[in-house]
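Below: one structure, written as structure tokens.
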Amino acid sequence: MKDLPKSFQRLFILITIMALVFWAWAIYQTDWSWINVFRLLLFGFLAAASESLPVSLPKGGYVTVSFAVFICVVILFPIGVSVSVAAIGGLFVFGKEVQGEPFYKRVFNASQFVVSLGAASLVLRITDTGFSIAPMAILIYLVASFAYMLTNMTVVAIALGILQGKSPWLIWIGNIRWSIPNFMSLAPLGLLMALVFHNDGEVGLFLLFIPLLLSRHSFQLYIDMRENYLNTVEALVQALEAKDTYTSGHSTRVGKLAVAIGEAMEMSEEKLVFLKYAAVLHDVGKIGVSETILNKEGKLLESEWESVRSHPVIGQTIIKGIKFLFDIGNVVRLHHERYDGKGYPDGVQGEEIPLESRIIAVADTYDAITSDRSYRKGSTHDEAMQEIKRVAGSQLDPKIAEIFRKVVTNELAQAIGADRVKVT
Ligand SMILES: [Fe+2]
Numbered sequence: 006m007k008d009l010p011k012s013f014q015r016l017f018i019l020i021t022i023m024a025l026v027f028w029a030w031a032i033y034q035t036d037w038s039w040i041n042v043f044r045l046l047l048f049g050f051l052a053a054a055s056e057s058l059p060v061s062l063p064k065g066g067y068v069t070v071s072f073a074v075f076i077c078v079v080i081l082f083p084i085g086v087s088v089s090v091a092a093i094g095g096l097f098v099f100g101k102e103v104q105g106e107p108f109y110k111r112v113f114n115a116s117q118f119v120v121s122l123g124a125a126s127l128v129l130r131i132t133d134t135g136f137s138i139a140p141m142a143i144l145i146y147l148v149a150s151f152a153y154m155l156t157n158m159t160v161v162a163i164a165l166g167i168l169q170g171k172s173p174w175l176i177w178i179g180n181i182r183w184s185i186p187n188f189m190s191l192a193p194l195g196l197l198m199a200l201v202f203h204n205d206g207e208v209g210l211f212l213l214f215i216p217l218l219l220s221r222h223s224f225q226l227y228i229d230m231r232e233n234y235l236n237t238v239e240a241l242v243q244a245l246e247a248k249d250t251y252t253s254g255h256s257t258r259v260g261k262l263a264v265a266i267g268e269a270m271e272m273s274e275e276k277l278v279f280l281k282y283a284a285v286l287h288d289v290g291k292i293g294v295s296e297t298i299l300n301k302e303g304k305l306l307e308s309e310w311e312s313v314r315s316h317p318v319i320g321q322t323i324i325k326g327i328k329f330l331f332d333i334g335n336v337v338r339l340h341h342e343r344y345d346g347k348g349y350p351d352g353v354q355g356e357e358i359p360l361e362s363r364i365i366a367v368a369d370t371y372d373a374i375t376s377d378r379s380y381r382k383g384s385t386h387d388e389a390m391q392e393i394k395r396v397a398g399s400q401l402d403p404k405i406a407e408i409f410r411k412v413v414t415n416e417l418a419q420a421i422g423a424d425r426v427k428v429t
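All residue numbers for the sequence shown refer to the working numbering, where the first residue is 6 and numbers rise by one.
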């Protein structure tokens with residue numbers, strides 16, 4: 006904890022104190038009958054079990070189904086019981102994901118659950134809503150659930166932002182894409198749990214907990230599928246690099262340069278992932294071009310050029326089959342389009358070319374000029390920058406070329422390895 010940034014320590018203390026004060030107040034407010042103690046133990050167990058089965062998010066952080074349990078308790082039970090359930094859910098976590106994790110993380114999690122639950126209970130308190138199945142009450146429960154989710158996401162994004170040295174706002178935006186489907190499935194489930202427990206007690210609750218685990222399982226499958234998709238992309242690039250000696254390392258470098266440009270343009274985390282994979286895959290269509298042509302020394306015949314020029318379209322055909330989250334195929338198809346409309350395959354121009362394709366074109370041009378070929382040595386960084394300046398506005402998007410110039414002076418050494426380029 007001591008080696009963590011000061012700003013994180015301050016956030017930790019602030020959230021923990023807020024949680025403790027609220028928890029103490031909630032306990033004081035509650036009439037601790039035996040039935041309430043029993044509810045606390047039962048739902049505390051459910052919350053801890055849910056927290057022990059998390060699903061990791063691609064950009065850091067994770068989600069769990071405990072959200073549904075918290076929504077259920079905040080609707081049904083006195084405030085002291087529901088806040089204590091949230092605290093138990095954060096503190097008593099088991100499973101391989103949390104093994105070896107420092108204790109302060111549990112305290113932080115428990116505290117942010119308590120604070121988020123506080124936001125939800127505030128909505129219920131202001132509107133004076135008890136348990137009911139009237140449409141108005143259900144709407145208020147959804148607003149309360151939303152208040153919980155927003156508070157939770159915001160605290161987590163600030164904490165991750167500080168710890169990873171990134172913008173909390175970008176993390177927030179990146180993760181909301183994952184949290185909304187989670188919210189849409191778990192908030193109604195939380196309401197349903199409350200209804201079932203209210204009508205049928207513990208037996209009904211355990212019957213409902215089975216779909217809750219299924220919902221967690223399907224979300225995990227979704228994340229795993231995405232992971233498999235990205236692994237497939239990497240395998241494709243490796244296949245290409247094994248075939249074309251020039252391409253070796255080219256795709257990865259273009260990927261890094263494109264992401265550096267995207268970061269300078271303040272693209273969201275999600276768009277950066279899209280850009281990275283489109284950039285890494287931009288030349289995948291060369292798999293369909295003869296090796297003799299790709300590795301030929303000297304001038305190509307017109308028919309051979311024709312074949313090389315088909316690679317963006319072949320690339321699109323290869324990857325459109327794995328259209329999972331993004332339309333990478335179109336970006337790959339258009340990476341040899343020129344800003345003035347004289348490129349191929351479609352001859353589109355200016356901003357009709359997708360932004361990602363224009364970014365890849367700049368990164369690709371730079372790497373092609375500075376790379377060694379079998380028949381010539383790569384040019385220097387300065388020569389490449391001069392060439393990019395010369396073709397900005399005709400071949401390349403001038404705005405992106407300018408951003409690239411700024412990025413490259415600052416970040417190139419780290420982006421593609423100091424040995425490739427000497428920045429003067
Ligand atoms: Fe290409």
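Quick reminder that beta carbons are idealized off the backbone N, C-alpha and C, glycines included.
Nearest to residue i by CA position, among the options, is which residue?
i    : options                   : result
S116 : V353, A24, G267 and L165  : A24
G179 : L191, G290, V161 and A192 : V161
A53  : A73, K11, E356 and W310   : A73
G290 : G320, E309 and S315       : G320
Q169 : K382, E356 and S12        : S12
V90  : Q104, L51, P107 and I181  : L51
T370 : I358, P359, Y349 and E392 : E392
S273 : I167, S362 and R182       : R182
T385 : S399, I374 and R395       : I374
Y109 : G49, S172, I18 and W39    : I18
F214 : E357, A199 and W39        : A199
For residue i, collect the residues of the same chain with a Cβ closer than 7 Å to its Cβ; drop the 5 residues on either side in sequence, then sort them by chain order.
i    : result
V88  : F27, W28, A31, V119 and L122
A420 : Residue placement at A420 cannot be trusted, given a pLDDT of 48 that sits under 50; the coordinates are not used to answer.
N114 : G95
R221 : L58, V60 and V70
Quick test of your reading: residue i and residue j, contact by CB under 8 Å. State the CB separation rounded to the nearest angstrom.
i    : j    : result
A283 : I405 : So it is not a contact: roughly 14 Å between Cβ atoms.
S312 : I298 : 6 Å
V259 : D372 : 5 Å
L286 : I228 : Not confirmed; about 21 Å, so no contact.
S150 : I76  : 5 Å
V201 : L210 : 6 Å
V336 : P359 : 5 Å
H255 : S362 : With a Cβ gap of about 17 Å, H255 and S362 do not count as contacting.
L16  : I167 : 7 Å
Could you tell me the alpha carbon to alpha carbon distance between residue i and residue j, rounded to whole angstroms?
i    : j    : result
V238 : R338 : 16 Å
Y234 : G206 : 43 Å
A397 : D387 : 15 Å
E268 : E275 : 11 Å
L194 : I80  : 13 Å
S137 : I143 : 8 Å
D402 : Q354 : 10 Å
I129 : G85  : The question names Ile, but residue 129 in the sequence shown is Leu. One C-alpha to the other measures close to 14 Å.
S126 : V242 : 51 Å
A212 : S223 : Sequence inspection shows Leu at residue 212; the Ala mentioned does not correspond to that position. For L212 and S223, the distance between alpha carbons rounds to 18 Å.
S71  : L165 : 20 Å
P107 : H203 : 38 Å
T21  : V208 : 35 Å
Once the 5 residues before and after residue i are set aside, which same chain residues still bring their CB inside 6 Å of it?
i    : result
F409 : I266 and V367
T69  : S55, E56 and P59
Residue range of the alpha helix (DSSP H) that residue i falls in?
i    : result
R343 : Taken as a continuous stretch (DSSP letters only), R343 belongs to no alpha helix (DSSP H), as it is neither H nor E.
V98  : Careful: V98 lies outside any alpha helix (DSSP H) and carries neither H nor E.
A283 : E274 to V285
M390 : H386 to V396
T322 : H316 to K325
R111 : F108 to I131
E361 : L360 to T375
N300 : Premise fails: N300 is in no alpha helix (DSSP H) and is neither H nor E.
P83  : First-last for P83: undefined, no H or E at that position.
Sorted by chain position, which residues of the same chain lie with C-beta nearer than 8 Å to residue i's C-beta, five sequence neighbours on each side aside?
i    : result
L330 : Here the model assigns L330 a pLDDT of 46, short of 50, so the residue's position is not dependable, and the following value carries that caveat. Once the five neighbours on either side are set aside, the close Cβ partners of L330 are R231, Y234 and F279.
L155 : A124
G352 : E342 and G346
E407 : A397
Is the beta carbon of residue i within less than 6 Å of some heavy atom of ligand 2?
i    : result
D387 : Summarising the ligand content, the structure contains ligand 1 and does not contain ligand 2.
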